[in-house]
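Numbered continuously in our numbering, the sequence shown closes out at residue 403.
Note that beta-carbon positions come from the ideal geometry of N, C-alpha and C, so glycine has one too.
What follows is a short report on a single structure.
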Amino acid sequence: MDALQGLRVVDFSKVLAGPLCTQYLGDMGAEVIKVEPLKGDDTRRWPPFRKDDGTVFLSVNRNKRSVALDLKSPEGREAAQRLIATADIVVESFGPGVAARLGIDYDSAAALRPDVVYCSISGFGSKGPLNKGKGYDVILQAFCGMMSITGEEDGPAVRSPISPIDQATGMHAATGILAAVVRKLRTGKGCKVEASLFDTAVGFMGYVMQSYWERGSEPRRWGSAHESLCPYQVFEASDRPLLLGVANDSLWRAFCDEAGRPGLADDPRYATNADRVHNRREVLELVSEIMRGDDRDAWIRRLARAGIPCAPIQGVGELLAHEHMAASEMIHRFADSAHGELNVVSQPLRFDGQRPRPVSPPPRVGEHTGQVLAELGYGPAAIGRYLDALAPRAGAAPGKEA
């Protein structure tokens with residue numbers, strides 16, 4: 002995929018939101034240079050591991066070159082500023098005030114590259130009393146109300162374990178960057194793009210808040226169910242659970258026919274979705290009894306044949322083994338000398354019917370430091386001195402082999 006070919010991204014971000022953003026840009030053809038501290042991105046040290054790198058790191062850092070810089074040193078800051086001067090896009094996710102102290106904030110970057118598209122990713126955004134607060138996915142799930150509505154009705158609040166706020170913030174950041182690039186092509190002007198976990202979490206809560214304003218009361222936890230639809234949740238078949246999604250009245254009639262209970266569709270207590278929501282307890286008792294009458298896979302076949310949305314409650318292994326997964330081409334495999342045979346999840350898009358194919362595996366810490374410094378105009382002696390100076394602090398000279 003070469004849509005962004007010719008654009009250079011200098012990535013100062015770490016952990017999940019920023020690296021996912023820049024990985025997507027790399028998947029679409031941009032050149033991404035990941036600037037890491039000497040010990041590398043924090044997620045390199047998060048278990049479980051493949052060789053010496055954490056699997057979270059491996060999931061969001063393909064298609065990048067890694068440069069290890071000590072940004073607290075004059076030499077590191079100079080190299081970073083040289084990089085910024087060559088960048089079309091800069092992404093950072095430092096804590097409040099850190100980018101400015103290091104001389105790589107938006108104002109500093111714009112002085113070096115006036116038309117730069119600069120994206121800052123933070124916990125709570127740049128305005129408001131919490132603008133200096135550090136944000137983590139679970140903190141924002143709790144703070145913005147998501148955990149209060151996640152879990153079973155009579156159970157405790159539950160964290161969503163896939164870090165949805167981090168991941169969606171990375172997606173929003175990529176969207177904002179692309180919009181700014183389009184404007185730059187039209188006007189020649191750079192732009193500062195801001196994305197925050199707080200804004201993402203509030204955005205996720207949009208329709209829940211709309212219901213709160215209408216009702217004037219706190220939403221409750223629904224487990225796998227939906228406040229506005231019924232029956233629309235997990236049910237137990239005779240052997241295993243499955244998700245049944247009756248999202249409208251025609252699907253309800255189709256379900257009643259498939260269940261051999263057509264009279265339920267004409268019962269005025271259950272005829273419309275609003276009726277079923279109003280009489281939820283009775284509906285759930287009836288449907289639960291029906292679903293226990295056959296096994297899960299038989300129900301999946303029957304419901305699919307009738308055009309009724311349904312799904313087994315699959316584990317990750319079951320999903321990966323499913324024939325649709327192979328057909329989707331969402332899994333790509335690298336033969337990587339550093340990590341061995343490595344599976345990665347592809348970017349969830351197609352362009353002209355094709356998925357962007359990852360070009361290079363996640364880099365080792367500082368793997369390309371020497372190479373990139375040479376591109377920035379450093380001579381062999383200066384590069385050697387720089388890498389030798391880093392070696393005592395990093396434990397090795399990152400990228401010296403390059």
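Asked, Found
"Can you tell which of Tyr271, Leu39, Arg51, Ile166 has its C-alpha closest to the C-alpha of Glu286?", "Tyr271"
"Let me check one thing: in DSSP terms, what residues is Asp54 bridge-paired to?", "Arg51"
"Which first and last residues belong to the beta strand (DSSP E) in which Gln234 is found?", "233 to 237"
"Note down, in chain order, each residue of its chain lying with its Cβ closer than 6 Å to the Cβ of Gly30, except the 5 sequence neighbours on either side.", "Met2, Asp3, Ala4, Leu5, Gln6"
"Could you tell me whether the region 63 to 76 touches the region 13 to 33, using the rule of 3 or more Cβ pairs below 8 Å?", "yes"
"Exposed or buried, Ser404, counting other C-beta atoms within 10 Å across all chains shown (16 or more means buried)?", "The first residue shown for the chain is 2 and the last is 403, placing residue 404 beyond what the model contains."
"Which residues in the same chain have their Cβ closer than 8 Å to the Cβ of Pro49, if we skip the five residues on either side of it in sequence?", "Gly55, Thr56"
"Of the choices His340, Val92, Pro359, Ala255, whose alpha-carbon is the least far from that of Ser347?", "Pro359"
"Are Cys311 and Leu265 touching if we call contact CB-CB under 9 Å?", "no"
"Can you give the Cα-Cα distance for Arg216 and Met210, rounded to whole angstroms?", "10 Å"
"Where does Asn274 fall in DSSP's three states?", "helix"
"Report buried or exposed for His325, applying the criterion of at least 16 other Cβ atoms within 10 angstroms of its Cβ.", "exposed"
"For Tyr119, does the three-state DSSP call read helix, strand or coil?", "strand"
"Gly246 lies in the beta strand (DSSP E); which residues open and close that run?", "242 to 246"
"Around the Cβ of Asp53, are there at least 16 other Cβ atoms within 10 angstroms (buried) or fewer (exposed)?", "exposed"
"With Gly341 as the anchor, note down where its beta strand (DSSP E) starts and where it stops.", "341 to 346"
"For Ala86, which of helix, strand or coil comes out of DSSP?", "helix"
"Please report the residue range of the alpha helix (DSSP H) in which Glu319 lies.", "317 to 322"
"What are the residues that DSSP puts in a beta bridge with Glu79?", "According to DSSP, which records beta bridges pairwise, Glu79 is partnered with nothing at all."
"If you pair each beta-carbon of the region 157 to 166 with each one of the region 226 to 242, do three or more pairs fall below 8 Å?", "no"
"Tell me whether the beta-carbon of Met292 lies closer than 9 Å to the beta-carbon of Met206.", "no"
"Look at Arg114 and Gly191 and say whether their C-beta atoms are less than 9 Å apart.", "yes"
"Check whether the Cβ atoms of Val92 and Ile105 sit closer than 9 Å, and answer yes or no.", "no"
"By the three-class DSSP mapping on this structure, what secondary structure does Pro20 have?", "helix"
"What residues in its chain sit with their C-beta under 6 Å from that of Ala403, if we drop five residues either side in the sequence?", "In this prediction, Ala403 scores a pLDDT of 34, lower than 50, which makes its location untrustworthy; no coordinate-derived value is stated."
"With burial defined as no fewer than 16 other Cβ atoms inside 10 Å of the residue's Cβ, what is the status of Ile314: buried or exposed?", "exposed"
"Tell me the rounded alpha-carbon separation between Ala260 and Met172.", "42 Å"
"Do Val345 and Leu59 have their CB atoms nearer than 9 Å?", "yes"
"Roughly how many angstroms lie between the CA atoms of Glu195 and Ile178, to the nearest whole one?", "9 Å"
"Cα separation between Ala101 and Ala327?", "46 Å"
"By alpha-carbon positions, which one of Pro38, Ser121, Ser14 ends up nearest to Leu70?", "Pro38"
"Return the CA-CA distance between Gly308 and Ser251, expressed in angstroms with no decimal places.", "10 Å"
"Quick one: measure Cβ to Cβ for Ile417 and Thr170, integer angstroms, because I've assumed they're closer than 8 Å.", "This structure gives no information on residue 417, because the portion of the chain shown stretches from 2 to 403."
"Taking the DSSP output, what are the residues bridged to Ser67?", "Lys35"
"Could you please give the first and the last residue of the uninterrupted alpha helix (DSSP H) stretch that includes Val11?", "Unbroken run through Val11 is the beta strand (DSSP E), 9 to 12; no alpha helix (DSSP H)."
"Alpha carbon to alpha carbon, how far is Ala226 from Asp240? Give it in angstroms, no decimals.", "20 Å"
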